[in-house]
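Under the numbering used here, the sequence shown has 718 at position 141, and the numbering climbs by one with no breaks.
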Amino acid sequence: MLIVSYREQDHEQLVRIWESAVRATHTFLEEHHIQFYRDMVGEILGQRQVEIWEVLDNEQQPIGFIGLHNTCIEMLFVDPSQHGQGVGRLLIEHTIKLKGHHLKVDVNEQNAGAAQFYEKMGFVQIGRSELDGSGNPFPLLHLEIS
């Protein structure tokens, strides 16, 4: 696996990875929520509102990505076929090399798998919000590692 900076040619594939990962892990979302967030993610990626790093497989195809804003992880998504294969860990380790050990991330409370992943990576809960960043009733756990 190889980590590269955002490649515009991969834009649609990254959005597809996001959507397939969300459908596999965010079972609490309804279809209209998925479409709302899909459009938002497409815009964020396309306008490079965050620093994006991709993991490529042996065929140079993206299988996961992370979006960073300073020391905050804004998004981390891995193709469901690659879950449990070390892609997420690789992205976190890459981020620590880039940004240092003091990182923050928000994770949906209903996404138990993601919360467990971050806990395994050494993140601890420092807070909780009833609403997500868009004001929707999807509680967020605020985590950090230092």
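By construction, the Cβ of each residue, glycine as well, lies at the ideal position given by its N, Cα and C atoms.
Determine the closest residue to residue i out of the options, with distance taken between C-alpha atoms.
i: E585; options: I629, N713, H609; result: I629
i: F654; options: M698, S597, P716, L579; result: S597
i: V632; options: I722, G665, V684, S711; result: G665
i: T648; options: N688, E636, G663, L680; result: L680
If we define contact as Cβ-Cβ less than 8 Å, is residue i a contact residue for chain C?
i: G712; result: In the structure shown, chain C does not exist; there is a single protein chain.
What did DSSP end up calling residue i once you bin it into helix, strand or coil?
i: S597; result: helix
i: H671; result: helix
i: L622; result: helix
i: Q687; result: coil
i: F642; result: strand
i: Q693; result: helix
Looking at residue i: is its Cβ nearer than 8 Å to the Cβ of residue j?
i: I640; j: Q659; result: yes
i: T602; j: A691; result: yes
i: G720; j: V682; result: Position check: residue 720 holds Leu in this sequence, whereas Gly was assumed. The answer is yes: Cβ separation under 8 Å.
i: T672; j: I650; result: yes
i: D709; j: L718; result: no
i: F715; j: N685; result: yes
i: M578; j: L675; result: no
Report buried or exposed for residue i, applying the criterion of at least 16 other Cβ atoms within 10 angstroms of its Cβ.
i: E589; result: exposed
i: V701; result: exposed
How many whole angstroms separate the CB atoms of residue i and residue j, which I take to be in contact at a CB cut-off of 8 Å?
i: V618; j: V592; result: 6 Å
i: D656; j: I611; result: Not a contact, Cβ separation roughly 16 Å.
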